[in-house]
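There are 2 protein chains.
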Amino acid sequence: MTVASGALPRLPRRVSIREVGPRDGLQNEAIILATDDKLRLINALAATGLTWIEVGSFVHPQRVPQMADTAMVCARLPRRSGITYSVIAPNVTGARRALEAGIDSVEVFLSASESHNQRNLNMDIAQSLRTVTAMAALLREAGHPFQATLSVAFGCPFEGAVPLERVLELCGHLLDLGIAQLTLADTAGMAHPRLIQQLGWAFHERFPRHRLRLHLHNAHGAGLANVLAALQIGVTAFDSSIGGIGGCPIAPGAPGNLCTEDLVHMLHAMDIDTGIDLHALIDCTRMLEHLLGREVPGQTIKAGVCTHLTG
Amino acid sequence: MTVASGALPRLPRRVSIREVGPRDGLQNEAIILATDDKLRLINALAATGLTWIEVGSFVHPQRVPQMADTAMVCARLPRRSGITYSVIAPNVTGARRALEAGIDSVEVFLSASESHNQRNLNMDIAQSLRTVTAMAALLREAGHPFQATLSVAFGCPFEGAVPLERVLELCGHLLDLGIAQLTLADTAGMAHPRLIQQLGWAFHERFPRHRLRLHLHNAHGAGLANVLAALQIGVTAFDSSIGGIGGCPIAPGAPGNLCTEDLVHMLHAMDIDTGIDLHALIDCTRMLEHLLGREVPGQTIKAGVCTHLTG
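Residue numbers (this note's numbering), protein chains in the order written: chain A, 1 to 311; chain B, 1 to 311.
In structure tokens, the structure reads:
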């Protein structure tokens, strides 16, 4: 292959990040943080310029003990203009509790593969579709914003590759619910740049009026390569977790989430705006390391911010 | 920004990897490995399908004690057809020792910034250019293949950004020596995808007959994103280290090398051939972890190989 032409895909000028550390990150940690500590962390995150923070989930506390205090966290969230706080909910009961907690926004979810859906939600996909339809009716009636995530959209740890047509079919069902935004999640860390572009492009062709959000993990170190591939096809919304903590409770060995400060570092280096103060964000990760009593997998916290991005 | 057109850059079908773990990786480790252990590791690496392994350096043993046994390592390398073994040498004495050791190939190097060159080679760039010219004369006379690396080509930890024109000027000087291949190194881990494409493209325009090799680090988690950016402009040769070990002895906090098994995992997932057996490579990384008595930074060793790449 010869050197390619200089005409490379244009990149977006601005990217929007949903910080999922306080929920998807923490839920995998052995140490249960005190509610006060979670709120200190969320307060600090809310001061970095982040506009969306996922703060908890209304799943059964026996299933995810770390999230047992989500209602208390919701009640004490720092109110700042321009910030959306969201939770995830697995069923109608969870959605009702989210409404009672007065959270800004609720995320419903199901998996693209039967095996993962069964293990994660204890039901088959058909039943999950009925569940999210009932949740959507409840949330719409309450005039409440909600979104959806399709898990293991880039591959299932139990079944392997998920057929593209199946992913698009489930996307269609979820979009029909009237959700504000759909997120495709690489829950098991099986995505790669070519797959990101194939699936992202197929989604755009099928649903041209909708814009995707991607929830990526840093499996095999390819998290930011997948971001670059997504940016090149115009995706501008990503989930990430400070420190790159997280994983998948039902997929052992699954790697951590895309690391927020690594994502912001790369985007800023490429002159892509996030509205986030990188140094303030790194301070949050230091607080997180202190709370967890361990090093986190992110790289920027070790390497420091590049000199040309400081000051 | 709207979703970009489906016409994305074509990717190469095959990539060539130089494994630098036994040299650039190990030289930063606190534990000095026994020569026998190094040779066990190199033997295992040579059986994975790798075609080029950097096995040592002829620098002063007081400066890099881990490399003090390079001559002994060279004398006992497993001879296999299709594998090139190389060393780096900082000066004429080192090049002479490399010739005496009967190594296949020698790498000369200098830095793109004065501060890094002074700290790394204890001389200014003008003096380094005279040194590599003398080394080239010696190696050419002996009919010996040699290459060159330009360090901190994507930014210097002491001076910040290095002007593109200065990088190209130094590339020109090195190419004039008659080297087989030039490597641009992101020694301090300051590259990002846009810079990779800018510099890579500028190099191609200035030196259309030459093909670059890139030596990347995984600073800020962007190692594989930088690889993707490079693949998209036709770069097909990369350095990496098993486990992602390494750093920069004179730039504290500098992150590890691009991780070989993470690189191979992403390339194979994207149907880009490397000629390497990924499972055999991961066995080498396990051996490395055992020898070092610690976890390495690479991700694939933790997450495992994706199911669709196995068997």
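Don't be surprised by glycine CBs; every beta carbon is placed ideally from N, CA and C.
Given the structure is predicted, the values throughout are model-derived calculations rather than measurements.
Coarse secondary structure for residue i, derived from DSSP in three states
i, result
"A:A71", "helix"
"A:V152", "coil"
"B:D37", "helix"
"B:C306", "coil"
"A:R97", "helix"
"B:R14", "strand"
"A:S111", "strand"
"A:I88", "strand"
"B:M1", "A caution first: B:M1 carries a pLDDT of 39, below 50, which makes its placement in the model unreliable, though a value can still be read off. The answer is coil: DSSP assigns B:M1 none of H, G, I, E or B."
"A:D262", "helix"
"B:G221", "helix"
"A:R79", "coil"
"B:H210", "coil"
"A:A237", "strand"
"B:E295", "coil"
"B:Q147", "strand"
"A:A161", "coil"
"A:V64", "coil"
"A:H215", "strand"
"A:A229", "helix"
"B:T183", "strand"
"A:N122", "coil"
"A:C32", "Cys is not the amino acid found at residue 32 of chain A; the sequence shown has Ile there. Looking at A:I32 - three-state DSSP - the assignment turns out to be coil, as it is neither helix nor strand."
"A:L176", "Per the sequence presented here, residue 176 of chain A reads as Asp, with Leu not at that position. In the structure shown, A:D176 sits in a helix (DSSP, three-state: H, G or I)."
"B:V59", "coil"
"B:D273", "strand"
"B:I196", "helix"
Sequence-distant residues of its chain with Cβ nearer than 6 angstroms to residue i (five each side left out)
i, result
"B:C74", "A101, I103"
"A:L328", "This structure cannot speak to residue 328 of chain A, because chain A is shown only from 1 to 311."
"A:L129", "H173"
"A:H215", "T183, A185, D239"
Inter-residue spacing [alpha-carbon to alpha-carbon] between residue i and residue j
i, j, result
"B:I32", "B:L26", "8 angstroms"
"A:W201", "B:A229", "19 angstroms"
"A:I301", "A:T285", "8 angstroms"
"A:A46", "B:R80", "58 angstroms"
"B:G379", "A:D271", "The structure shown does not extend to residue 379 of chain B, since chain B is modelled only from 1 to 311, so the question has no answer here."
"B:M123", "A:E19", "47 angstroms"
"A:R294", "A:V132", "37 angstroms"
"A:A237", "A:T51", "12 angstroms"
"A:R206", "A:Q232", "18 angstroms"
"B:V59", "B:A126", "20 angstroms"
"B:D37", "B:G21", "13 angstroms"
"A:Q118", "A:V162", "15 angstroms"
"B:F158", "A:L170", "51 angstroms"
"A:G234", "A:P12", "6 angstroms"
"B:P61", "B:D176", "30 angstroms"
"B:M67", "A:R213", "48 angstroms"
"A:R211", "A:S16", "12 angstroms"
"B:R14", "B:L267", "9 angstroms"
"A:T48", "A:H265", "14 angstroms"
"A:N218", "B:L281", "20 angstroms"
"B:N324", "B:P9", "This structure cannot speak to residue 324 of chain B, because chain B is shown only from 1 to 311."
Residues near residue i in its chain [Cβ-Cβ closer than 7 angstroms; skip 5 each side]
i, result
"B:L195", "F154"
"B:A298", "According to the sequence displayed, residue 298 of chain B carries Gly and not Ala. Excluding positions up to five away in sequence, the list reads G243, G244, C259, E261, D262, T285."
"B:L77", "I42, V55, Y85"
"A:V106", "S86, V87, A89, A95, A98, L139, H144, F146"
"B:P65", "I32"
"A:L39", "V73, R76"
"B:R166", "A112"
"B:A222", "H192"
Residues near residue i in its chain [Cβ-Cβ closer than 8 angstroms; skip 5 each side]
i, result
"A:Q198", "L164"
"B:M287", "R40, L41, A44"
"A:V92", "T131, A134, M135, L138"
"B:E29", "Q66, I245, L292"
query: In the segment 181-197 of chain A, which residues sit with their C-beta less than 9 angstroms from some C-beta in chain E, listed in chain order?
result: Absent from the structure: chain E. Protein chains present are A and B.
query: When the Cβ atoms of the segment 52-68 of chain B are set against those of the segment 271-291 of chain B, are three or more pairs found closer than 8 angstroms?
result: no
field: Given 8 angstroms, three or more beta-carbon pairs between the segment 256-272 of chain B and the segment 240-247 of chain B
entry: yes
- prompt: What are the residues of the segment 261-277 of chain B that lie near chain A, defined by any Cβ-Cβ distance shorter than 7 angstroms?
  reply: D262, H265, M266, A269, M270
Residues within the segment 127-149 of chain A neighbouring chain B, beta-carbon criterion of under 7 angstroms: none
query: Of all the residues that make up the segment 58-70 of chain A, which are near chain B by a beta-carbon distance shorter than 9 angstroms?
result: none
message: Under 8 angstroms: do the segment 109-116 of chain B and the segment 149-161 of chain B share three or more Cβ pairs, one atom per stretch?
response: yes
task: Taking a Cβ distance cut-off of 9 angstroms, strictly less, list which residues of the segment 292-303 of chain B are near chain A, in chain order.
output: P297, G298, Q299, T300, K302, A303
- prompt: When Cβ atoms are compared, which residues of the segment 149-160 of chain A fall closer than 8 angstroms to chain B?
  reply: G155, P157, G160
message: Taking beta-carbon pairs under 9 angstroms, can you tell me which members of the segment 33-55 of chain B lie near chain A?
response: none
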